Amino acid sequence: MSHSLRKARIFLHFGRGMVLAALAYPRAGEEGRQALIRDWSKKLLRLCGMTLIVHGDENTLAGGGLVVGNHVSWIDIYVINAWRPTPFVAKSEIAKWPVVGWLAKTIGTIFIQREKRGDARRIMQQLADRISGNERAFVFPEGTTGDGQRLLPFHTNLFQAAVIAGAPVQPVCMMYADASGRQSLAPAYVGDMNLFDTLNAMLEAEPLVVHLYIGEVIPVGLDRRALAARAERTIGDALLALQGREEPTTEEWMSSDDASVTAPEIV
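Residue numbering for the sequence shown is 1 to 267, as defined by the numbering used here.
Next up, the structure:
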């Protein structure tokens with residue numbers, strides 16, 4: 001199939017997402033909304049030529065908490081939502097993106113104005129209120145996208161939301177790979193690239209696999225700096241393992257469906 005046709009199908013899928021968000025999403029119950037987001041995100045990944053493989057799904061938070069992960073691309077959000085639909089904290093500029101911004105607002109994204117020094121405090125309280133119950137929220141502690149080859153330093157501010165709420169933290173790690181299993185930089189949204197540049201790069205590089213590693217939950221009782229340090233270490237170690245520079249343990253690669261095997265779960 002030509003790239004032009006593939007892109008047309010992707011744009012149509014975003015259009016379908018707007019219809020679902022406007023008509024079906026408001027009428028659905030919580031489980032129905034989760035299913036709509038998950039199914040739509042899974043199809044988007046397939047249209048982009050991606051297969052999602054989840055490692056360590058047995059570590060997934062049972063209730064509410066703060067989920068944190070590395071940030072490579074705009075499509076990271078849909079990788080997470082294909083796994084477990086989770087509201088995100090995102091830069092305010094995304095709210096202005098055509099279609100994507102509207103969809104993000106509809107499903108409860110929390111937008112932060114990074115140029116306003118005091119806005120992090122407002123967002124922190126919103127996060128704390130949300131995760132103090134049975135809800136999850138997702139934060140990219142790096143604060144920006146990188147090429148995925150290594151982590152950028154973690155900002156600690158928003159980890160305070162977990163401290164205030166008395167909520168656990170779930171670290172996750174994403175790595176994109178090509179057909180040979182080597183890390184792919186095609187999805188990276190860096191420098192002066194725009195959404196269409198990365199989309200073209202992904203279609204050129206397909207088929208792609210996105211590995212999503214679910215780390216062990218970090219329990220309550222740590223301050224924000226300790227939480228950030230532990231999450232950064234967990235995600236950094238997982239990235240090394242996924243890149244093949246360090247052997248993961250059997251437990252890290254267990255399927256959530258059958259603990260007697262070491263195959264990861266393909267979503």
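C-beta: ideal position from N, C-alpha, C; glycine also. Keep in mind that this is a model prediction, so the values were computed, not measured.
Same chain, Cβ closer than 7 Å to residue i, neighbours up to 5 away in sequence not counted
i, result
"asparagine 134", "Gly63, Gly64"
"alanine 238", "Cys173, Tyr213, Gly215"
"alanine 229", "none"
"leucine 36", "Leu20, Ala24, Tyr25, Ala28"
Proximal residues to residue i (C-beta, below 8 Å), its chain only, five neighbours per side dropped
i, result
"threonine 198", "Ser73, Trp74, Ile75, Ala186, Pro187, Ala188, Tyr189"
"valine 217", "Asn59, Leu61, Gly65, Pro168, Val169, Gln170"
For residue i, three-class secondary structure by DSSP
i, result
"arginine 182", "coil"
"isoleucine 75", "coil"
"histidine 3", "helix"
"methionine 254", "At methionine 254, the pLDDT of 30 sits below 50, so the modelled position is not reliable; the number obtained from the coordinates is stated separately. Three-state DSSP puts methionine 254 in coil, outside helix and strand."
"threonine 198", "helix"
"histidine 155", "coil"
"aspartate 192", "coil"
"isoleucine 107", "coil"
"threonine 143", "The residue asked about is misnamed: residue 143 is glycine in this sequence, not threonine. Glycine 143 falls in the coil class under three-state DSSP."
Run of the alpha helix (DSSP H) containing residue i, from where it starts to where it stops
i, result
"alanine 137", "Counting along the chain, alanine 137 falls outside any alpha helix (DSSP H), though it belongs to the beta strand (DSSP E) covering 136–139."
"lysine 91", "Where lysine 91 is concerned, there is no enclosing alpha helix (DSSP H), although the beta strand (DSSP E) it sits in stretches over 89–91."
"isoleucine 235", "224–242"
Under 8 Å between C-beta atoms of residue i and residue j
i, j, result
"valine 19", "leucine 212", "no"
"alanine 162", "valine 172", "no"
"leucine 158", "isoleucine 235", "no"
"tyrosine 176", "glycine 215", "no"
"proline 85", "arginine 38", "yes"
"phenylalanine 138", "valine 67", "yes"
6 Å Cβ shell around residue i - same chain, five flanking residues per side excluded
i, result
"glycine 244", "none"
"alanine 128", "Ala161, Ile164, Ala165"
"serine 41", "Tyr78, Asn81, Ala82"
Beta strand (DSSP E) segment containing residue i, residue limits
i, result
"glutamine 125", "Counting along the chain, glutamine 125 falls outside any beta strand (DSSP E), though it belongs to the alpha helix (DSSP H) covering 119–131."
"valine 169", "169–177"
"leucine 47", "No beta strand (DSSP E) holds leucine 47; the alpha helix (DSSP H) holding it covers 30–47."
"isoleucine 218", "From DSSP, isoleucine 218 is part of no beta strand (DSSP E); its letter is neither H nor E."
(request) Take every Cβ of the stretch 59–69, pair it with every Cβ of the stretch 111–126, and state whether three or more of those distances are shorter than 8 Å. (result) no
(request) Indicate whether the contact test is met: 3 or more Cβ pairs, each with one atom in the stretch 142–159 and one in the stretch 94–109, closer than 8 Å. (result) no
(message) Count Cβ pairs between the stretch 167–184 and the stretch 28–43 that sit closer than 8 Å; are there 3 or more?
(response) no
(request) Decide if the stretch 45–53 is in contact with the stretch 3–10; the criterion is three or more beta carbon pairs, one per stretch, under 8 Å apart. (result) yes
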